[in-house]
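**Q** In this note's numbering, the protein residues as written are 6 to 243.
Let me begin by handing over the structure; questions about it come next.
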Amino acid sequence: IGAVYAVLTLLAYIEWLRAKCFKQNTIYLLSLVFLLLSVLASQSRAPLIGLGILTPIAAVFYCRSRSKLLCQFAFIFILSGFAYWSREPILNLMLERGLSVRDVIWAEVWAQTLQQNFFWGLGLEKEGRIVLSDGSVFNHAHNAWLDSFYRTGLVGVLLSSVYIGYLLLRAIKQPQLRPLLLWLVLGIIYSLVDSRGFFWQIDPKWFCIWLPAGLMGAILSAQIYQGAESNELEQEKY
6 IGAVYAVLTL
16 LAYIEWLRAK
26 CFKQNTIYLL
36 SLVFLLLSVL
46 ASQSRAPLIG
56 LGILTPIAAV
66 FYCRSRSKLL
76 CQFAFIFILS
86 GFAYWSREPI
96 LNLMLERGLS
106 VRDVIWAEVW
116 AQTLQQNFFW
126 GLGLEKEGRI
136 VLSDGSVFNH
146 AHNAWLDSFY
156 RTGLVGVLLS
166 SVYIGYLLLR
176 AIKQPQLRPL
186 LLWLVLGIIY
196 SLVDSRGFFW
206 QIDPKWFCIW
216 LPAGLMGAIL
226 SAQIYQGAES
236 NELEQEKY
């Protein structure tokens, strides 16, 4: 829930920065406030960290209004004051859970994969279970990348990395793809602490990663096709 609403919050923030008329500014600002409240209510730390990293980047890309810039500085100042006065309950809320046993799961999943099948992984099974040495059973490794390594090995992780890396490198050069780029990066941040491997059940990971990745891939493919078609037309003229 936190990851999905964090993506929507980021997109609403981008649209608010780009809005030019009063109606658009009002709609996107209200949407931004309610969506952000949903992320806060979820108490999901990774989505909040992702928003903290990506909203300043989005501001650099899209904030061209001095009044909006001042409004954001005022909001940060008020938020900082609130965080200072409420630092103890906030720290307890953020830190009392620790890593939620993730460090134990990650260490054992890593060790099992290295010991049993480093290159091809242990494969997929119907239940998708991961059994730890103490008998604990988990449905996934709480890290989509590590989960992919466990199930598909080095080969699977490299294939996923090549695809995601290609999209990131191509999209960063094209301003029209930046919203999708930020969306995908937020999904990657979320996937570092949750979810199964990438090719599995339909869950928030598909909304946070494969939807923006698919849209970016479709746009890039269309550009390549249009470029090839233009070259053919030019050759026919000659």
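The beta carbon of each residue, even a glycine, is placed where N, CA and C say it ideally should be.
Values in this document were obtained by computation on a predicted structure and should not be read as measured data.
List, from N- to C-terminal side, the alpha helix (DSSP H) runs of 4 residues or more that fit wholly inside the stretch 99-144.
**A** Counting only runs of 4 or more, we get 107-121.
**Q** So Val190 is in the alpha helix (DSSP H); what residue range does that whole segment cover?
**A** Arg183 to Ser196
**Q** Any contact between the stretch 147-162 and the stretch 192-199? By contact I mean 3 or more CB pairs, one from each, below 8 Å.
**A** yes
**Q** Tell me whether Cys213 sits in a helix, a strand or coil according to DSSP, three-state version.
**A** Collapsing the DSSP output to three states places Cys213 in a helix.
**Q** Residues in the same chain with beta-carbon distance under 7 Å from Met99, minus the five sequence neighbours each way, listed in chain order, please.
**A** Arg50
**Q** Answer with buried or exposed for Trp188, where buried requires no fewer than 16 other C-beta atoms within 10 angstroms of its C-beta.
**A** buried
**Q** With a floor of 4 residues, list each alpha helix (DSSP H) that falls wholly inside the stretch 23-65, ordered by position along the chain.
**A** 27-47
**Q** Taking Leu174 as the reference, give the member of Leu45, Ala218, Ile32 and Lys73 with the closest Cα.
**A** Ala218
**Q** Counting pairs of Cβ atoms below 8 Å between the stretch 120-139 and the stretch 154-164, do you hit three or more?
**A** yes
**Q** Tell me which residue opens and which closes the alpha helix (DSSP H) that Asp152 is part of.
**A** Ala149 to Ala176
**Q** Pick from Ser47, Arg201 and Lys25: whose alpha carbon is nearest that of Val162?
**A** Arg201
**Q** Does the Cβ-Cβ distance between Ala79 and Leu22 come in under 8 Å?
**A** No, these two residues do not count as a Cβ contact at 8 Å.
**Q** Report yes if the CB atom of Leu182 is closer than 8 Å to the CB atom of Ile224, and no otherwise.
**A** The criterion of a C-beta distance shorter than 8 Å is satisfied by Leu182 and Ile224.
**Q** Cutting at 6 Å between CB atoms, please list the residues of its own chain near Ala17, excluding the five before and the five after it.
**A** Tyr33, Ser36, Leu37 and Leu40
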